[in-house]
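Following: one structure in structure tokens, then a few remarks.
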Amino acid sequence: METSTDLRYPVGKYEPKPFSTNQKEEWIADIKFLPNLLEAAISNLDGAQLQTPYREGGWTVHQVVHHVADSHMNAYIRFKLGMTEENPTIKPYEEKDWAVLEDVRQLPVNISITLLFALHERWTVFLKSIPDEAWETRTVFHPEHQQKLTLWFLLGMYAWHSRHHTAHITALRERMGW
Numbered sequence: 001m002e003t004s005t006d007l008r009y010p011v012g013k014y015e016p017k018p019f020s021t022n023q024k025e026e027w028i029a030d031i032k033f034l035p036n037l038l039e040a041a042i043s044n045l046d047g048a049q050l051q052t053p054y055r056e057g058g059w060t061v062h063q064v065v066h067h068v069a070d071s072h073m074n075a076y077i078r079f080k081l082g083m084t085e086e087n088p089t090i091k092p093y094e095e096k097d098w099a100v101l102e103d104v105r106q107l108p109v110n111i112s113i114t115l116l117f118a119l120h121e122r123w124t125v126f127l128k129s130i131p132d133e134a135w136e137t138r139t140v141f142h143p144e145h146q147q148k149l150t151l152w153f154l155l156g157m158y159a160w161h162s163r164h165h166t167a168h169i170t171a172l173r174e175r176m177g178w
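Right, here's the structure in full:
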């Protein structure tokens, strides 16, 4: 796994790669196993540890876990829209604002971990059903970035996102000796 000294990007920034079936399988595996890896990353953390920011000025571990669930619910819908509509405009959302809403503040992280297990099971089955030719021809439009994005680009981005946030937590644990 690529690592970085920048605490914001412990696995580096997302770098798109050309389509290949091997890369596709690797990225789908990243999506499939994210719930297990994230659950392991937070295993045995106490309340104070869960409320620790992964970096100065960053989200707490608690917020990171809930953010991954929020983000990946949006991602799953984006993929389904991309397969069923012609270049649909996707809905951006204010991640930082979602991270301070009451559901994030009040609910324990196991709620989002449980959600992620179910969501990623469905998402993985769906991703495996996408024909190879659709990965680079099916697109969504991101209005905030004024950019057409292929499903291939999104797959890589969310595979990276899975590793990225898990590494926020595991790197914090290493630094803190937890």
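Sequential numbering from 1 applies to the sequence shown in UniProt numbering. No residue lacks a Cβ here, since even glycine has one placed at the ideal position from N, Cα and C.
- DSSP places residue 149 inside the beta strand (DSSP E), whose first and last residues are 147-150.
- Closest in C-alpha terms to residue 46, from the list 108, 11, 149 and 124, comes 108.
- Taking the Cα positions, residue 174 is about 40 Å away from residue 89.
- Assignment of residue 35 by DSSP, reduced to helix, strand and coil, places it in the helix class.
- Secondary structure note for residue 126: its alpha helix (DSSP H) is the uninterrupted segment 109-129.
- Of the residues 120, 67, 165 and 170, the one whose Cα lies closest to the Cα of residue 28 is 120.
- Taking C-beta atoms as the reference points, residue 54 and residue 123 fail to come closer than 8 Å.
- Going by DSSP, residue 68 is part of the alpha helix (DSSP H) stretching over 61-84.
- Where residue 104 is concerned, the enclosing alpha helix (DSSP H) starts and stops at 102-106.
- In this structure, the alpha-carbon of residue 145 lies about 25 Å from that of residue 23.
- Around the Cβ of residue 93, a 10 Å sphere holds fewer than 16 other Cβ atoms; the residue is exposed.
- For the pair residue 128 and residue 97, the Cα-to-Cα distance works out to about 32 Å.
- The criterion of a C-beta distance shorter than 8 Å is satisfied by residue 159 and residue 31.
- Here DSSP, grouped into helix, strand and coil, assigns residue 21 to helix.
- In this structure, residue 68 sits away from residue 172, with a CB-CB distance that is not shorter than 8 Å.
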